[in-house]
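Written out below as structure tokens is the structure these notes cover.
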Amino acid sequence: MASVSFFNRGKVENKFSTIWVRLRDKGIDVKVPISHLKCKPKDWKNGKCVISSRNTDSDLGELNIELIRLETKIISNYTNYKPEIDLKGWLEDTVNPEKVISEKIEPQSNNILSFIDDYVNLKRDTVSESTIKKANVVKQLVKRYCDDLRARKKTLNI
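Every letter in the sequence shown is one number past the one before it in the working numbering, and letter 151, counting from 1, is 745.
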């Protein structure tokens with residue numbers, strides 16, 4: 595059975611440090627930082643950010659609620675999908691989903707399409723006609739793939 599725990603690696607007592615998540619299962623031990631959750635090491639006890647009796651900070655309560663939600667999300671996704679390849683990447687995507695959506699495909703795909711056009715224009719005289727046709731076929735495949743990704747991205751964001 596998979597287990598999820600949270601820990602704080604900070605050494606300076608009064609400085610906020612990033613909370614880490616650890617996923618353990620049979621033959622698996624993965625640790626990933628949660629970039630948007632931070633707590634002071636002096637307030638960190640038994641996997642939670644403890645609120646002292648003098649200081650009633652609502653942010654710490656929300657942080658603990660977020661940790662509980664994150665734990666249930668990780669365990670449910672892990673039991674449903676059973677990722678076997680790139681567990682660390684999967685856990686990073688699960689913990690920080692907003693980072694994954696914004697980074698990838700868009701700039702690279704446009705560069706590839708323009709590169710194929712430039713290649714065909716530069717090599718038009720030195721390569722055979724079949725090579726130019728193959729390059730155009732590859733360009734169309736990449737373009738369709740990028741359009742499909744954009745359509746999927748739009749449906750996932752709605």
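Where is the CB? At the ideal position from N, CA and C, for every residue including glycine.
| Query | Result |
| --- | --- |
| Check for me: the alpha helix (DSSP H) holding residue 682 runs from which residue to which? | 681-689 |
| When DSSP labels each residue in this structure, what does residue 714 get in the three-state scheme? | helix |
| Under three-state DSSP, which class holds residue 741? | helix |
| Helix, strand or coil: how does DSSP classify residue 620 here? | coil |
| Tell me which residues share the same chain as residue 661 and place their Cβ nearer than 6 Å to its Cβ, disregarding the 5 neighbours each side in the sequence. | 600 |
| Taking 7 Å as the limit between beta carbons, can you name the residues of its chain near residue 696, skipping five residues before and five after? | For residue 696, the predicted model reports a pLDDT of 48, less than 50, meaning its position is unreliable and no value from the coordinates is stated. |
| Considering just the uninterrupted stretch of the beta strand (DSSP E) at residue 599, what are its terminal residues? | 597-602 |
| For residue 597, which option in 603, 613, 621, 611 has the closest C-alpha, if you only look at C-alpha atoms? | 621 |
| Which value, in whole angstroms, describes the spacing of the CA atoms of residue 708 and residue 738? | 15 Å |
| For residue 608, which residues of its own chain have a beta-carbon under 7 Å away from its beta-carbon, when the five flanking residues on both sides are left out? | 634, 636 |
| Would you mind giving the Cβ-Cβ distance between residue 632 and residue 610, rounded to the nearest angstrom? I have them listed as a contact below 8 Å. | 4 Å |
| Out of 711, 744, 715, 743, which has the shortest C-alpha to C-alpha gap to residue 732? | 711 |
| Please list, in chain order, all residues of the same chain as residue 624 whose beta carbon is under 6 Å from its beta carbon, the five residues on each side excluded. | 617, 681, 682, 685 |
| Taking 8 Å as the cut-off, decide whether the C-beta atoms of residue 629 and residue 690 are in contact. | yes |
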